[in-house]
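Novice: At the far end of the sequence shown sits residue 343, using this note's numbering, and the numbering has no gaps. Where is the CB? At the ideal position from N, CA and C, for every residue including glycine.
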Amino acid sequence: MIDTGWLGPQEWQAVLLSLKVSAVATVVGMPFAVAVAWLLARRSFPGHGLLSGMVHLPLVLPPVVTGYLLLLTFGTQGPIGGPLKSLGIVFAFRWTGAALAAGIMGFPLMVRAIRLGFEAVDPRLEQAAATLGAPRAWIFLTVTLPLILPAMLAGATLGFAKAMGEFGATITFVSNIPGQTQTLPSAIYALLQVPGGESAALRLVAVSAVIAIGAVLVSEWMARRMKARLQGRADA
Numbered sequence: 108m109i110d111t112g113w114l115g116p117q118e119w120q121a122v123l124l125s126l127k128v129s130a131v132a133t134v135v136g137m138p139f140a141v142a143v144a145w146l147l148a149r150r151s152f153p154g155h156g157l158l159s160g161m162v163h164l165p166l167v168l169p170p171v172v173t174g175y176l177l178l179l180t181f182g183t184q185g186p187i188g189g190p191l192k193s194l195g196i197v198f199a200f201r202w203t204g205a206a207l208a209a210g211i212m213g214f215p216l217m218v219r220a221i222r223l224g225f226e227a228v229d230p231r232l233e234q235a236a237a238t239l240g241a242p243r244a245w246i247f248l249t250v251t252l253p254l255i256l257p258a259m260l261a262g263a264t265l266g267f268a269k270a271m272g273e274f275g276a277t278i279t280f281v282s283n284i285p286g287q288t289q290t291l292p293s294a295i296y297a298l299l300q301v302p303g304g305e306s307a308a309l310r311l312v313a314v315s316a317v318i319a320i321g322a323v324l325v326s327e328w329m330a331r332r333m334k335a336r337l338q339g340r341a342d343a
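Pasting the structure below:
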C-alpha cells in the first residue's frame, strides 16, 4: 500500500539515509580531494596524466560499471573487502557501501573544483610568506587554504549533490534494501515500479529538489561571507 500522507515512514528513512550517505561521502572525501587537487595543480611528475585520468574515470564510466567494480573490489570476497571483513568492516549491501559509491562518483567533481582554486592562487603570496621563514605546512594552512575555501565549498556542494542523486553505482553495489541501503533515487525508482506509486515518487522528487537547492544556496552564502572576510583582511 502506498502511504497517502506527505511522507511515509519508509520515505523518511530514504530521505534521512540519503542525507547521511551524502554527508559522510563529502566529509570523508574532502581531505583526499584536497590532496589530489594539490598534486594535480602544483606538481609535475611521471604519471600525472594517468592520475588525472583515473580520478575522472567515474565521470565517463557507466555508473553500473563503477558499482560492479566496487562489488568486485570491496565485496566480502574481493581483494580489499575480504581482508576488511576479517576486521569487521563490510561495505557491500551496507549504508557504508552506499557512502563509498556516492563518494567515488562525486570525487572527480570535488577534485576539479578544488584544483581550479589552487590554480587561481597567486604563487607570489606563498613565496612572500616563505621569504619570512614560514614552514611550508604553515604557509599552506594560513595562506593557501583560506584562499581556496570558496573552491572547497564549491567542490563540497557538487560532491554532496552528486551523492544525493547517485543511483546506478549505489544500487549495483549495495542493492535497494528499505531502511538499510535505500536512498532517495532508489526509493523513487522502487515507487515507480508499484501501481499508484507515482504521487509518492513525486513527493520524493520535490524533497530532492529542495535539498539540492538549499545546499547550493547555503554554499553561495558561505562563499560570499568567506570572500568578504578575506577581502577585509587584505584591506587591513
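1) Given W328, which residues of its chain have a CB within under 6 angstroms of its CB, disregarding the five upstream and five downstream residues?
2) If we ignore side chains and look at the alpha-carbon of each, how far apart do L345 and T290 end up?
3) Thinking G304 and T133 are a contact (beta carbons under 8 angstroms), I'd like their distance in whole angstroms, please.
4) Once DSSP output is grouped into helix, strand and coil, what is the label at V301?
5) Grab the span of the alpha helix (DSSP H) containing E273 for me, first residue to last.
6) Assuming I221 contacts A322 under a Cβ cut-off of 8 angstroms, what Cβ separation, rounded to an integer in Å, is found between them?
7) Write down the C-beta distance between F181 and A199 rounded to the nearest angstrom, noting that I regard them as a contact closer than 8 angstroms.
8) Starting from the C-beta of T111, find all residues in its chain whose C-beta is less than 7 angstroms away, skip the five residues before and the five after it, and write them out in chain order.
9) When burial is assigned at 16 or more other CB atoms within 10 Å of the CB, is L260 buried or exposed?
10) So, are the CB atoms of T251 and V228 less than 7 angstroms apart?
11) Restricting to Cα atoms, I'd like to know which of P302, A294, V325 is closest to Q74.
12) Roughly how many angstroms lie between the CA atoms of T84 and G286, to the nearest whole one?
Specialist: The relevant details are as follows:
1) In its chain, beyond the 5 residues on either side, no residue has a beta carbon closer than 6 angstroms to the beta carbon of W328.
2) Outside the shown range of the chain, which is 108 to 343, sits residue 345, and nothing can be said about it.
3) Rounded, the Cβ-Cβ distance is 30 angstroms, inconsistent with contact.
4) Coil.
5) No alpha helix (DSSP H) contains E273, which DSSP labels as neither H nor E.
6) So it is not a contact: roughly 17 angstroms between Cβ atoms.
7) That belief holds up - the Cβ atoms of F181 and A199 are roughly 6 angstroms apart, short of 8 angstroms.
8) Caution applies to T111, whose pLDDT of 43 falls short of 50 and renders its modelled position unreliable; the value that the coordinates give is listed next. So no residue of the chain qualifies.
9) When all chains shown are included, L260 counts as buried.
10) Yes, these two residues count as a Cβ contact at 7 angstroms.
11) It is not possible to answer for residue 74, since the shown part of the chain is limited to 108 through 343.
12) Outside the shown range of the chain (108 to 343) lies residue 84, about which nothing can therefore be said.
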